[in-house]
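Chains as they are written, first to last, in our numbering: chain A, 1 to 360; chain B, 1 to 424; chain C, 1 to 325.
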């Protein structure tokens, strides 16, 4: 069991692919098909391009506040690749590439950050809960979804996420505790990107690792190199399998770094040194994964360049579609609050329509 | 040409300062290239170019302050005319006056005068009155600010408004009777053409209001019957000349008034008002009989005050005087008030029966039709008689059909026997 | 005197109070090193050290709960909830403890603490960043709720809040954080809690507003003035306790009443004010006392928010209706 092998209390960290793209734990290298590996890589690239472009769109006044994912693609995709068709994803708000991998259309993701709730209305069969902005609440939701699966014998596993800052919220603890008491089939992933907005991970908790928090709940925990997509895959896979066997939840700390700002409203130069960022740029998850794929003969620099160009155009196209939606219908403001509009809402809706007609 | 405007790049930013340009005018930029670095209260941000093209104009120098909405640069994107930037230029947003209209920070608002001595302005208090009283004043066209209130703390009471209204309406017959009633919104009347719209007179307006009020408040019912007045007809004939000598034109009406008053004395419910708010019936110990007079402008109802104290000739004289004054509109308001029961004579118009509308807040009204000779059965023989058709409408909340039957039976006794009438 | 925005006035006031009173401590998420996500606490940690201005873990319940303990034990915490939409984890502390410590201990303990939080819409923000929850606090016995609408009042009210022996919820209209500047005296002064301000005298209708809505009403007034409608504008400033006298005196004069708020309509602050006016100025009313609040819906994201936010046009429309009533 990896969680025994990589005891967080002993400051062990699971890594398979190092920052130079070398396999450092040959025995743990997952046996993934070329197709699956390429799917993972391409999703990471799409995530990177869409993320970069979203920040640009925002700076041009075309996008609202956007949460930046750059640097965390391996943590997001490696985990997502380890669950099955029937499984659920319960996100926090920095899982852009996870959602892409699990079938959320880029159009939806952009539409949401563009300020339109329809972005959270995913297509049929995409088992993803809406992004959760309030910190930590999703851990309890994930546990609930997992328990419902268990009670109804649906064989679904739930993959949920939180940030390093989120581990300070009560609901982080409540969610894990609840899940562990009932052996809920859920995998809790902390994307430790080292900053909760401006507050560094060391100021968030005195625990040496975040993974060690699992021990207090009596569940396995493991710290993983979050920029190593293979390690993320392997660790999550083991946790998912355990969950599916009915052996309860696992806590995974994805040790990664946010290369960008917290959001487009944030200025990281106020709280961290460029030097530190430069160190992490060297550990970019995309670079090492690309090297691995090229090494395996699955990929080439030419294909890579083409892929970026292709995605650049694709993302531009999708965003143009998003921009074309403009403001949504007035009815949308009222229609979805309840199954049926109660009288007071009907009255407010009608009165406002009347007003709009009158002031026209 | 593309005019690139500076946007709110951080949750409520109004302005920023240019820290650095990465291109100069004339340079070619690619979409996504960083144009400049801007410092704001919240972030230092690289501003990327939205399009590919040639930088035609940089509108701000390093160190300049740029406000949200300012055109930062103009880029020749090979598309000719100035292309407005999406989103922040959205017209709908501007119309709605919310999005993209965040004010700029340089505005200085008036200093607070908190520290200064408060200037105490004499507050002129508004008139005190309940909403119901205000509504009443509005309905009656009374300026409530001119009404002297008699209630607590000088509050204007409903009664005060009614008094004011009556004093004011000297020239308007039939004071409107106040009562709170539910608002009804009437559907709009729309006719394509071939109609003429004529403003109604004040009198007509009052009539309309009073009629509507009465009908909306009082559940009406009408009982009808015919009375054999053959003897009365004969009697009147004998007295007509006498009356004429006294300058009185003797109609049947004075007899009917007399008979009604006698009957009312016995059946007091018909000389009463129903005070629904207090669950009380108000019996009146005076008999003021209103006579509906058909004038050019509409119905006016002068009142014969204390009719129970008058003889037939007195009544006849009163009727004569009141109706002529009503017709030339010289009648005083006091002659139009305080009726307790009303008689309406549509017989003069050749009609027999009607469903008269009670004058609110009275409890009944008697309609009299035209006296006609009719064949009737008397002792199994068909005989010709003078028949008076009458219709009695009454407030069904307090008067039942049986009451009406008894009332009419007694009235019949009086009217069919003039001697009894005179002796009573 | 210096020209300041609301945000600068808050920063200046915190600085002044920390300097004058060594028991004042300031903390919350990102308030230390970064100086707050809106920079309301910028420079304070540098000046007063990490024990008087520090970054809290991401834990609203922890921030407010520890403030209770600190207040009991000799400090005056002025804590920041990053956005009012994030205060719900702390709501248990606020409702169950902050509001009740004095009454539960019959005055043995009291809580001289201030909970600051930016609130309100109109900044094209993400979910949970645009709500107006003043009623959720005002409804709890034991709390005072304050909302400034100008830099001058921001300083005076925050000073009063920090000096208040009881807990004060200090809600900041972030939409106008930097929207304008005003002369703010350098010396310490107080704008009393519980006192509304007649911003402009008028004769035809009393309009009560607070926060960002004050400016919207002022915009509406320019329009209405040209139509000959004279509005008396009252900036409520303190949501609780309400300055009943100022409002009633005004309504007794004008005979008409409109309250405008960003919060959703049903069971909102307007209901309280309309009730107060109905009872206290019943005999002066020429039109039904009326509230204009947001629709009873979750604040829409940007692409629907323009329908939701109340602007000067709707205020003017509502005023005209009441004048014509």
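C-beta: ideal position from N, C-alpha, C; glycine also.
Residue environment, residue i, which counts as buried when at least 16 other CB atoms sit within 10 Å
i	result
residue 283(C)	buried
residue 354(A)	exposed
residue 201(B)	exposed
residue 180(B)	Note that residue 180(B) scores a pLDDT of 49, beneath 50, so its modelled location is shaky and nothing firm can be said.
residue 104(C)	exposed
residue 219(B)	exposed
residue 344(A)	exposed
residue 218(C)	buried
residue 43(C)	exposed
residue 193(B)	exposed
residue 22(A)	exposed
residue 242(A)	buried
C-alpha gap between residue i and residue j, whole angstroms
i	j	result
residue 316(C)	residue 231(C)	10 Å
residue 281(C)	residue 318(C)	20 Å
residue 289(A)	residue 189(A)	21 Å
residue 324(C)	residue 146(B)	20 Å
residue 265(C)	residue 287(C)	19 Å
residue 287(B)	residue 341(B)	7 Å
residue 268(C)	residue 135(C)	6 Å
residue 379(B)	residue 422(B)	27 Å
residue 249(B)	residue 355(B)	28 Å
residue 351(B)	residue 253(B)	15 Å
residue 258(B)	residue 231(B)	16 Å
residue 175(C)	residue 151(C)	13 Å
residue 269(B)	residue 241(B)	37 Å
residue 53(C)	residue 115(A)	34 Å
residue 235(B)	residue 251(B)	11 Å
residue 317(B)	residue 271(B)	23 Å
residue 247(B)	residue 307(B)	20 Å
residue 161(B)	residue 371(B)	44 Å
residue 360(A)	residue 313(C)	11 Å
residue 346(A)	residue 125(C)	27 Å
residue 333(A)	residue 84(C)	22 Å
8 Å CB neighbourhood of residue i in its chain, flanking five on each side removed
i	result
residue 295(B)	326, 327, 329
residue 274(C)	257, 259, 289, 290, 291
residue 276(C)	242, 244, 247, 248
residue 38(A)	293, 298, 299
residue 17(B)	38, 39, 40, 63, 64, 65, 66
Neighbourhood of residue i by C-beta, 7 Å cutoff - its chain only, sequence neighbours within 5 removed
i	result
residue 262(C)	120, 121, 132, 211, 212, 213, 294, 310
residue 266(A)	197
residue 240(A)	82, 83, 157, 187
residue 285(C)	255
residue 86(B)	Residue placement at residue 86(B) cannot be trusted, given a pLDDT of 48 that sits under 50; what the coordinates show is reported in the next sentence. For residue 86(B), where only same-chain residues beyond five positions count, there are no Cβ hits under 7 Å.
Nearest-angstrom beta carbon gap, residue j and residue i [assumed within contact, 8 Å]
i	j	result
residue 214(B)	residue 414(B)	In fact, because the Cβ distance is near 27 Å, the residues do not count as touching under 8 Å.
residue 87(C)	residue 172(C)	Contact flag wrong, Cβ pair sits at about 13 Å.
residue 302(B)	residue 273(B)	In fact, because the Cβ distance is near 19 Å, the residues do not count as touching under 8 Å.
Same chain, Cβ closer than 6 Å to residue i, five either side skipped, listed in chain order
i	result
residue 226(B)	387, 389
residue 121(B)	Because the pLDDT of residue 121(B) is 49, which lies under 50, any placement of that residue in the model is unreliable, and the number read from its coordinates should be weighed accordingly. Answer for residue 121(B): no residue qualifies.
residue 156(C)	189, 190, 191
residue 137(B)	144, 161
Residues in the segment 166-180 of chain C having any Cβ partner in chain B nearer than 7 Å:
174, 175, 177, 178, 179, 180
Interfacial residues, the segment 205-238 of chain C to chain A, with Cβ spacing under 7 Å
none
Given a limit of 9 Å on CB to CB distance, which residues of the segment 132-154 of chain C reach chain B?
150, 151, 152, 153
So if I threshold CB-CB distances at 8 Å, which residues from the segment 246-280 of chain A count as touching chain B?
261, 264, 265, 266, 267, 269
Residues of the segment 6-18 of chain B with a CB closer than 9 Å to any CB of chain C: list them in chain order, please.
8, 11, 12, 13, 14, 15
Using a beta-carbon distance cut-off of less than 9 Å, what residues from the segment 67-101 of chain A approach chain B?
none
In chain order, what residues of the segment 285-308 of chain C put their CB closer than 8 Å to some CB of chain A?
295, 296, 297, 298, 300, 301, 302, 303, 304, 305, 306, 307, 308
May I ask you to list, following chain order, the residues of the segment 102-122 of chain C that have a beta carbon less than 7 Å from some beta carbon of chain B?
122
If the cut-off is 9 Å on Cβ atoms, which residues from the segment 127-144 of chain A count as contacting chain C, listed in chain order?
130, 131, 132, 133, 134, 135, 136, 137
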